[in-house]
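Just below is one structure, and these are the notes that go with it.
Next up, the structure:
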């Protein structure tokens, strides 16, 4: 056997020999499972699996000649993997099973990551005995040419790849009995597929197939066929010739009919036709016990074409696409599919409601009373309210929420959180990717309430019976909780969350290179607060620490009992059992646990600071003024790593000072912006209190506000040089105009965070403060009480913001170009007069007309003045809120018009699942 692997230099092979010897020694010392056991060689869960295999080949291990089963990871280096695979026909001549799966690694959403395998070496066709080939969870875009040449292949697994087609050469695999190609991008199938006469199981679910070749009827041995979740609109009649077929799965397609011959298949034991568009189903199938037809627009037998006139036909499920000016829709017993203007999707199945019901929806800006977050949760979406609250549906309603992909990826999961029975809970959530950065969170909801998407540490749960059980962490295999028999009299639910701790953060904070900490462990349970018998908890020792070498006086077990923020050292109160890698201890109550290794003595206070540091985000604050309209100010709080890219995008239209120094903030922390030194907010906004703009920081959302400012100073004489300052916390009743005392303190708890300069340039011409006050304009109101008014004052504010963009707005409002020319001529020396005349003449014509405000907002957006459109929306929202508050004061409104009360919105710890 050659000592040098193909594709590797001799020096590299020598190094690999040495490295392999060291690896073998380490495995033996740590008691790792043997790689080579009998005729099996398992290298998929070991790092550097290809290196290990090449090392064994270089040593000419005779046992390799007997290997029949080989497992390698698809996450290996692509070139090294190709070189390793090329040696297999000579190094493992008796190989019968080859597993090259990816999927061992997971992303931030918990989904399996594809391996790097994109092709196979041609020499692999020399594996004459190969019967089983698994290439799942990889990056194959075409089937490698060597695969159809493996004539003895019995099972071929290609699921979770990027295949768009299968080659005609696949028909050469005469011995193939099982083919799986789920979760690919297959649009068509080769006609040669029908020549696989030995094929017994075929799984092509989760693809893009819209038709099947007639040749599929030639699969004479086929017993199981899965074509679920494709785009099939019809089936070939030849499908009725599959006399061996026992299971046929066709749910979640677009089928309008099925061949009548399916009812006569002698062995058919299951036919799944759920969630299609079936209208024409053979009567023999309607009454068959093995047929599933739920979710089709078919309430019974299809009407006979020769039936008398008037025979009722079940209508198709309605599909609704709501525009931005609609906030309600009706649902009947026929169900419907609804897409809201905000991007939310709803699926009401047939029979979800027995009587018609009107659904109302509303989007809320996130704030702490609406968004209960655990200490390590991150908000990924706004808050959706669906009404009527509490109405139970007879079938669960599907809900899709669009969210921002989280940055943290390891050991975290995305869930939809909702309010149910005055407590917040997390729903079972599935993720769907529409585009690289466009993700949907899908869940089933039995009733309506408030919903939003969060990222949280992975939660593992179990039901604890009186006989006892074991709960393990899926993200950290070394974290376990053992419940002994008799720990509880009645079954109770237990839940575990584990938070990773960066290996560099703790030593840097303590100034101690040897300091280390285990992952954070949070345990919770339902039922009585204590267990009847002690429960054993296992935590991994801090990184770099082993049970054979540690100094026990430096090991500290810390405990935190919410709602207290303190960490207590309970090392002396428990019996710590240490192994080489783990620490075990017993408890009767659940809470937070943390294992530290440090020479410090009083670690409780240090742990509190470290825990806070884990939850802090480093951000910068910016304040920019629009170049064409300096009175428009953009305020934003940005994560530090996004500042440069955001500024590059904004500086074409805005200008302003450099961003603030880095500030640390918690998820969900409140802060506000106060304009100082002669500059004030020039609008009545829902998010403005006493002239101060309120913010809530959420790390994955756009913490951005655009406001208009004004000044009482005379800008005709000189420019006004003011500033905006950012402060932590709620807006206080009184803030000094210049809080110099607060600025002297720059610690993490200091109320002042940053001050950025602003400048309102000197006015030229006759424009000055109070301009427009002497106008003689007819009083008018656009809109209505429920949707909100735009008053004369509001329109004057809008007119003052448009500037040179007014002609584009006028054209989008429907004004003819000739009228624009007339306005320009009549007010040829007065830009403000042109704008006001255009806007108010249009508004007077719209008086009493429904939809006028929506038309104005749409025209502003089409003219690229979304800033003014957002200002108008804010005014309307304020008007709607005041209107609803007035109705509630007179007891005319239902009790669920407002957001959930503070009593139902408390969230000191992670929500229960």
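In the working numbering, the protein residues as written are -8 to 904.
No residue lacks a Cβ here, since even glycine has one placed at the ideal position from N, Cα and C.
Alpha carbon to alpha carbon, what distance is there between residue 699 and residue 785?
Your numbering for residue 785 matches position 794 in the chain shown. Your numbering for residue 699 matches position 708 in the chain shown. If you take the alpha carbons of residue 785 and residue 699, they lie about 13 Å apart.
Can you list, in chain order, the residues of its chain with a C-beta nearer than 6 Å to that of residue 60? Leave out the 5 residues immediately preceding and following it.
By 1-based counting over the chain shown, the position of residue 60 is 69. Hits under 6 Å: 31 and 88.
Per DSSP, which residues does residue 664 bridge with? Please list them.
In the chain shown, the residue the question calls residue 664 occupies position 673. As a beta-bridge residue in DSSP terms, residue 664 pairs with 684 and 717.
What residues are listed by DSSP as bridge partners for residue 750?
By 1-based counting over the chain shown, the position of residue 750 is 759. Its beta-bridge partners are 712.
Check whether residue 690 and residue 608 have beta carbons under 9 Å apart:
Locating residue 690 in the chain shown gives position 699, counting from the first residue. Locating residue 608 in the chain shown gives position 617, counting from the first residue. It is a contact, given that the beta carbons lie within the stated cut-off.
Assuming the contact rule is C-beta atoms closer than 8 Å, residue 187 and residue 202 should be a hit. Round their C-beta distance to whole Å, please.
Position 196 of the chain shown, counted from the start, is the residue given in the question as residue 187. Position 211 of the chain shown, counted from the start, is the residue given in the question as residue 202. With a Cβ gap of about 19 Å, residue 187 and residue 202 do not count as contacting.
By the 10 Å Cβ neighbour count, where 16 or more other Cβ atoms means buried, how is residue 764 classified, buried or exposed?
Indexing the chain shown from 1 puts residue 764 at position 773. Residue placement at residue 764 cannot be trusted, given a pLDDT of 38 that sits under 50; what the coordinates show is reported in the next sentence. Classification of residue 764: exposed, given that the 10 Å Cβ count is below 16.
Check for me: the alpha helix (DSSP H) holding residue 821 runs from which residue to which?
Taking the first residue of the chain shown as 1, we reach residue 821 at position 830. Premise fails: residue 821 is in no alpha helix (DSSP H) and is neither H nor E.
With a Cβ-Cβ cutoff of 9 Å, do residue 124 and residue 82 count as a contact?
Counted from its first residue, the chain shown places residue 124 at position 133. Counted from its first residue, the chain shown places residue 82 at position 91. No.
Residues that DSSP places opposite residue 133 in a beta bridge:
As a first step, residue 133 is located in the chain shown; it is residue number 142 there, counting from the start. In DSSP, residue 133 forms no bridge with anything.
Host alpha helix (DSSP H) of residue 81 (start-end):
Position 90 of the chain shown, counted from the first residue, corresponds to residue 81. Start and end: 79 to 82.
Residues of its chain near residue 295, where Cβ-Cβ distance is below 7 Å and the 5 sequence neighbours each way are ignored
Numbered from 1 along the chain shown, position 304 holds the residue referred to as residue 295. Note that residue 295 scores 47 on pLDDT, short of 50, meaning its location in the model is unreliable; the coordinates nonetheless yield the value given after this. Cβ neighbours of residue 295 beyond the five flanking positions: none.
Who are the near neighbours of residue 25 in its chain, counting only those whose CB is closer than 7 Å to its CB and skipping five residues on each side?
Counted from its first residue, the chain shown places residue 25 at position 34. Per-residue confidence for residue 25 stands at a pLDDT of 47, beneath the threshold of 50, marking its modelled position as unreliable; no derived number is given.
At what residues does the alpha helix (DSSP H) containing residue 176 begin and finish?
Your numbering for residue 176 matches position 185 in the chain shown. Residue 176 -> no alpha helix (DSSP H), and no H or E assigned at all.
C-alpha distance - residue 629 paired with residue 611, whole-angstrom precision:
By one-based count along the chain shown, residue 629 stands at place 638. By one-based count along the chain shown, residue 611 stands at place 620. Roughly 5 Å between the two C-alpha positions.
Nearest to residue 255 by CA position, among 273, 267 and 248, is which residue?
For the purposes of this step, residue 255 is taken as residue 264 along the chain shown, with counting starting at 1. Nearest C-alpha to residue 255: 273.
DSSP state of residue 643, grouped into three classes?
Against the chain shown, residue 643 aligns to sequence position 652. Three-state DSSP puts residue 643 in coil, outside helix and strand.
Check residue 287 in the structure and name its three-state DSSP category.
The residue you call residue 287 lines up with position 296 of the chain shown. Residue 287: coil per DSSP, three-state reduction.
Rounded to whole angstroms, what is the Cα-Cα separation between residue 505 and residue 496?
Numbered from its first residue, the chain shown carries residue 505 at position 514. Numbered from its first residue, the chain shown carries residue 496 at position 505. When rounded, the distance between both Cα atoms is 12 Å.
In the DSSP output, what is residue 64 paired with across the bridge?
As a position in the chain shown, residue 64 is number 73, starting the count at 1. Residue 64 pairs with nothing; no bridge assigned.
Here's the rule I'm using: 16 or more other beta-carbon atoms within 10 Å means buried, otherwise exposed. How should residue 446 be labelled?
Translated into the one-based positions of the chain shown, residue 446 becomes position 455. So residue 446 counts as buried.
Using a Cβ-Cβ cut-off of 6 Å (strictly less than) and excluding sequence neighbours within five positions of residue 218, which residues of its own chain qualify?
Start at 1 with the first residue of the chain shown, and residue 218 comes out as number 227. So the qualifying residues of the chain are 195 and 241.
Rounded C-beta distance between residue 510 and residue 492? I'm assuming under 8 Å.
Position 519 of the chain shown holds residue 510. Position 501 of the chain shown holds residue 492. So it is a contact: roughly 6 Å between Cβ atoms.
According to the Cβ coordinates, are residue 530 and residue 586 closer than 9 Å?
Reading the chain shown from its first residue, position 539 is the one you call residue 530. Reading the chain shown from its first residue, position 595 is the one you call residue 586. Yes, they are a contact pair.
Considering only the alpha carbon of each residue, which of 864, 679, 648 and 670 lies closest to residue 662?
Numbered from 1 along the chain shown, position 671 holds the residue referred to as residue 662. Out of 864, 679, 648 and 670, 679 has the C-alpha closest to the C-alpha of residue 662.
Touch test, the segment 573 to 588 against the segment 615 to 633, Cβ-Cβ under 8 Å, three pairs minimum:
Verdict: no, contact absent.
Sufficient close CB pairs (3 or more, under 8 Å) joining the segment 359 to 367 to the segment 421 to 440:
Here the segment 359 to 367 does not lie against the segment 421 to 440, with fewer than 3 beta-carbon pairs under 8 Å apart.
Let me know if residue 409 comes out buried or exposed under the rule of 16 or more other beta-carbons within 10 Å of its beta-carbon.
What you label residue 409 is simply residue 418 of the chain shown in a count that begins at 1. With 16 or more other Cβ atoms within 10 Å, it is buried.
Using CA coordinates, which residue listed in 184, 214, 221 and 193 is at the minimum distance from residue 206?
Along the chain shown, read from residue 1 onward, the residue named residue 206 stands at position 215. Closest option to residue 206, Cα to Cα, is 184.
Please look up how many angstroms separate the CB atoms of residue 865 and residue 852, rounded, as I've assumed it's under 8 Å.
Position 874 of the chain shown, counting from 1, holds the residue named residue 865. Position 861 of the chain shown, counting from 1, holds the residue named residue 852. Not a contact, Cβ separation roughly 14 Å.
Throw me the rounded Cβ distance for the residue 524 and residue 477 pair, which I believe falls under 8 Å.
The residue labelled residue 524 in the question sits at position 533 within the chain shown. The residue labelled residue 477 in the question sits at position 486 within the chain shown. That belief holds up - the Cβ atoms of residue 524 and residue 477 are roughly 5 Å apart, short of 8 Å.
Within 10 angstroms of its Cβ, does residue 374 collect 16 or more other Cβ (buried), or is it exposed?
Locating residue 374 in the chain shown gives position 383, where the first residue counts as 1. Classification of residue 374: buried, given that the 10 Å Cβ count is 16 or more.
Does the Cβ of residue 593 have 16 or more other Cβ atoms within 10 Å, making it buried, or fewer, making it exposed?
The residue labelled residue 593 in the question sits at position 602 within the chain shown. The residue is exposed, with fewer than 16 neighbouring Cβ atoms inside 10 Å.
Using three-state DSSP, classify residue 853 as helix, strand or coil.
By 1-based counting over the chain shown, the position of residue 853 is 862. The answer is helix: DSSP assigns residue 853 an H, G or I state.
At least three beta-carbon pairs within less than 8 Å, the segment 456 to 464 to the segment 480 to 487
yes
Pair within 9 Å by beta-carbon distance, residue 798 and residue 811
If you number the chain shown from 1, residue 798 lands on position 807. If you number the chain shown from 1, residue 811 lands on position 820. Yes; because the gap between Cβ atoms is below 9 Å, this pair is in contact.
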